[in-house]
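Presented below is the structure to which this report refers.
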Amino acid sequence: MCGIVGIVANSPVNQLLYDALQLLQHRGQDAAGITTAQGNTFHMHKGLGLVRDVFRTRDMRSLLGNMGIAHCRYPTAGSAVSSAEAQPFYVNSPFGIVLGHNGNLTNTAALRAELFEEDRRHVNTRSDSEVLLNVLAHELDEVAQGHRLSTPEIFAAVTRVYQRCRGAYAVVALIAGHGLLAFRDPFGIRPLVVGSHETPQGTEYMVASESVALDALGFTLMRDVEPGEALFIDQNGRLHTLLCAPQARKVPCIFEFVYLARPDSVMDGISVYETRLRMGERLGQRIRQLAPDLVVDVVIPIPDTSRPSALQLATTLGVPYREGFIKNRYIGRTFIMPGQAERKRSVRQKLNAIAQEFRGKSVLLVDDSIVRGTTSREIVQMARDCGAKQVIFASAAPPVRFPNVYGIDMPTRRELLATGRDDEAIAREIGADRVFYQDLDDLVLAMDGIRYGIREFDTSCFNGWYVTGDVDEAYLQVLENQRADEKGDRAQQLDLDFNLRATAA
């Protein structure tokens, strides 16, 4: 999960790109970067950390030009601590290209070998995004007939990218001296929207991961970029589109609606907020069916994502809804903290309980999902410390039992609380008296996808079915081995950083 944005405007875009990244900060907290284009010249600044920490006034002043892309990173491949893997990535041949990517490729190893052995291209990091950039660069080089690229040639290159790259990818890229390119994988797993803004000088365009970035910056949502579709906005501000993968079908990631996206976003025509309300209603109906004699005094959400679901669940059960946790907004999202120790430590820094809402009550806590269980365990204990006589935990999503290989940090089954455990065992693990999960069929129905022409969603983390067709047990085992190696590398890097700081001191 990352946030990407691209803008072609009639005035400098540096502030627009910065503001858009701020609006997409929830999609990635580890690194941020902006690249602008001024004629044939790129201006880039990127680094580790939050958007507000990466960019200073002097950095913004150096980002010249009326066209640019930006990225905030949440690492699911490569290193979380390497500044070299902050995006956008740049390659100088052909023409000069910078690229930002949201998602995960599933055939990275094969592509890396092809790039080295056949395309004679060097990939300097472990990031699959750099691999994707080099595949695009190679295909542009192959189709180019001269020193200038035509729009049909650019679309032909994207078609060849689709033929080579598997997995999930929403992409924004700049081609020096030509324009801005954006495209979405043939299944539309990761979101991408396009909007416009009319000015006296002409139409401005913006592509972004979520519609909230468009709304807040005065752009009107035109539509979603379709699966397998490429958009190209040339230097004269003209928009060109083409479906480059004719066998594409729309299978968006359902976890975007459960957790990742902001509630005020609309993706693939579906309101995230409305889906979360429906999730709460269906979960309430399920709890009533499974436990008709359950007595609950109060329903309390675990902020912020679960609020709409908890509110509708409370209405369905006829139980008072209360805010029992106050969130420190200066602590990042614990789900995307890079390490388990950091994640556990941050929970009580992030949330503080209002004791009177728990004392002597049977409390139903509602969260959007339970992934590793670390946060859930800490929150249940907080409720008990405040004197709750019974703590029941409800998840607006089904049990997460399988890795997500398409750009969400759920890579190993050993890290997933629900793997190998039934509801009773999960309740014991997190210290709750009882646990209720959403039914998968109910979750899909809550999406109301048929109304928007969506007949299926990527639900792989719940049922182990991977739409790209190239993920099997052997693939998952390799992924888990890589995860273990990356943890070791990260620990070694942190030790090295500490030793360097100690030496410097």
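Here my numbering is used: position 52 in the sequence shown is 1527, and no number is missing along the way. C-beta atoms are modelled at their ideal positions from N, C-alpha and C, and glycine is treated no differently.
Residues Leu-1580, Thr-1581, Asn-1582, Thr-1943 and Asp-1945 of the same chain have their beta carbon placed closer than 7 Å to that of Arg-1641, with the five preceding and five following residues left out of the count. The Cβ atoms of Ala-1871 and Met-1754 lie closer than 8 Å to each other. Between the alpha carbons of Glu-1899 and Asp-1690 lies a distance of about 44 Å. Glu-1614 has no beta-bridge partner at all, per DSSP. Annotation: Ser-1844 is outside any alpha helix (DSSP H) and is labelled neither H nor E by DSSP. When secondary structure is reduced to three states using DSSP, Asp-1709 falls in the strand class. Counted as a single uninterrupted DSSP element, the beta strand (DSSP E) harbouring Glu-1679 occupies residues 1677 to 1683. Put simply, of Arg-1888, Thr-1511 and His-1576 the residue whose alpha carbon is nearest the alpha carbon of Asp-1534 is Thr-1511. Three or more beta-carbon pairs separated by less than 8 Å link the region 1743 to 1757 to the region 1781 to 1791, which places the two stretches in contact. Collapsing the DSSP output to three states places Leu-1792 in a helix. Taken in chain order, the complete beta strand (DSSP E) segments of 3 or more residues contained in the region 1520 to 1599 are 1542 to 1548, 1564 to 1566 and 1572 to 1580. Nearest neighbour of Lys-1825 by Cα position, chosen from Arg-1804, Arg-1903 and Phe-1662, turns out to be Arg-1804. For Cys-1719, the three-state secondary structure derived from DSSP is coil.
Taking the Cβ atoms as the reference, His-1576 lies roughly 5 Å from Val-1646, within the contact range of under 8 Å. If the five residues before and after Gly-1503 are omitted, its C-beta is found closer than 7 Å to the C-beta atoms of Met-1476, Cys-1477, Gly-1478, Cys-1547, Arg-1548 and Tyr-1549, all from its own chain and listed in chain order. Ranked by how close their Cα comes to the Cα of Arg-1834, the residues Glu-1560, Ser-1851, Arg-1903 and Gln-1865 have Gln-1865 in first place.
In this structure the region 1850 to 1864 lies against the region 1894 to 1914, because at least three pairs of beta carbons, one per stretch, are closer than 8 Å. Of the other Cβ atoms in all chains shown, fewer than 16 fall within 10 Å of the Cβ of His-1622; this residue is therefore exposed.
Nearest in C-alpha terms to Val-1633, of all of Thr-1695, Leu-1718 and Asn-1567, is Leu-1718. Taken through DSSP and simplified to helix, strand or coil, Gln-1865 comes out as strand. Excluding five sequence positions before and after Ile-1762, the CB atoms of its chain that fall closer than 6 Å to its own CB belong to Phe-1911, given in chain order.
Scanning its chain for C-beta atoms nearer than 7 Å, with the 5 sequence neighbours on each side dropped, one finds around Pro-1569 the residues Ala-1612, Leu-1615, Asp-1616 and Ala-1619, in chain order. Note on the region 1745 to 1782: whole beta strand (DSSP E) runs with a minimum of 3 residues are 1773 to 1776, in chain order. In the DSSP assignment, Phe-1937 falls within the alpha helix (DSSP H) that extends over 1935 to 1938.
Residue pairing for Ser-1837: DSSP places it in a beta bridge opposite Gln-1865. In this structure, the beta-carbon distance from Ala-1736 to Ala-1495 does not fall below 8 Å.
For Asp-1699, the uninterrupted beta strand (DSSP E) run begins and ends at 1695 to 1699, by DSSP.
Shown here, His-1672 sits in a strand according to DSSP, grouped into three states.
DSSP, reduced to helix, strand and coil, places His-1518 within a strand of the structure shown.
The straight-line gap separating the alpha-carbon atoms of Gly-1924 and Asp-1660 is approximately 19 Å. Taken in chain order, the complete beta strand (DSSP E) segments of 3 or more residues contained in the region 1893 to 1961 are 1909 to 1912. For Leu-1649, the pairing in a beta bridge is given by DSSP as Val-1573 and Leu-1655. A contact between stretches requires three or more CB pairs, one per stretch, nearer than 8 Å, and the region 1558 to 1566 meets this requirement with the region 1599 to 1606. In the three-state DSSP reduction, Phe-1630 falls in the helix class (H, G or I).
Of the other Cβ atoms in all chains shown, 16 or more fall within 10 Å of the Cβ of His-1520; this residue is therefore buried. Checking the DSSP bridge columns, you'll see Thr-1511 partnered with His-1518 and Gly-1543.
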